[in-house]
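>
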């Protein structure tokens, strides 16, 4: 009978060992699944954050570009207004037959002021990193127009002196 009892215990122990192993494997699988789910959730959250960050950055970039564009347009309009005003005044003064020398002196100061303003604005926008070909072209054109106007005044001044000399 003792041998029989021993075999029964042995079988029970084997059975328990098998149950334990089965339980461990089940726990391991469940643990692995939980970790995989957590990793996936983490990956999704990270991806979502990355997308939100990119979207916010893109919006900020757009807003900055729009602001710089608005500043550039305002500056272009200001330069155009100054040049138009200068031309108008110059032509009006020409028509009144004012003394050209006097006109020349008045406008030289005004032109210097405009030129300084253009240079100062140009410097400000360079600092702001606005690399706008259109703006540079307008500044160049405005400077050219100012130089031409100055040249014109000098010619008129010289012609006036010749006329007075006769």
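In the UniProt record's numbering, the protein residues as written are 1 to 166. Every residue gets a Cβ at the ideal spot worked out from N, C-alpha and C, and that includes glycine. Given the structure is predicted, the values throughout are model-derived calculations rather than measurements.
Measuring alpha carbon to alpha carbon, tell me which residue in 45, 63, 155, 121 is nearest residue 139.
The shortest C-alpha separation from residue 139 is found at 121.
> May I have the straight-line CA-CA distance separating residue 83 from residue 89, to the nearest angstrom?
In a straight line, the C-alpha of residue 83 is about 10 Å away from that of residue 89.
> For residue 1, name the three-state secondary structure that DSSP assigns.
Residue 1: coil per DSSP, three-state reduction.
> Can you say whether residue 79 is buried or exposed, counting buried as having 16 or more other CB atoms within 10 angstroms of its CB?
Counting Cβ neighbours within 10 Å, residue 79 comes out buried, since at least 16 surround it.
> Under 8 Å: do the region 137–152 and the region 110–117 share three or more Cβ pairs, one atom per stretch?
The region 137–152 is in contact with the region 110–117.
> Fully enclosed by the region 40–91, which alpha helix (DSSP H) runs are 4 residues long or longer?
The region 40–91 contains no whole alpha helix (DSSP H) run of 4 or more residues.
> Any idea if residue 75 is buried or exposed, counting beta-carbon neighbours within 10 angstroms, 16 or more meaning buried?
Buried is the call here.
> Measuring straight from C-alpha to C-alpha, what distance separates residue 106 and residue 73?
Using only the alpha carbons, I get a separation of about 29 Å.
> Look up residue 166 in the DSSP assignment and say whether it is helix, strand or coil.
DSSP places residue 166 in coil when its eight states are reduced to three.
> If we count the other Cβ atoms within 10 Å of its Cβ and call it buried at 16 or more, is residue 92 buried or exposed?
Counting Cβ neighbours within 10 Å, residue 92 comes out exposed, since fewer than 16 surround it.
> At the level of alpha carbons, what is the spacing between residue 81 and residue 141?
Going by the C-alpha atoms only, they are around 13 Å apart.
> Return the CA-CA distance between residue 55 and residue 41, expressed in angstroms with no decimal places.
In a straight line, the C-alpha of residue 55 is about 21 Å away from that of residue 41.
> Quick one: using the 10 Å Cβ neighbour count with 16 as the cut-off for buried, is residue 5 buried or exposed?
That one is exposed.
> How many angstroms separate the CA atom of residue 62 from the CA atom of residue 49?
Spanning the two alpha carbons is a distance of roughly 20 Å.
> Tell me, to the nearest whole angstrom, how far the beta carbon of residue 110 is from that of residue 86; I am working on the premise that it is less than 8 Å.
With 8 Å as the limit, residue 110 and residue 86 qualify as a contact, their Cβ atoms being about 7 Å apart.
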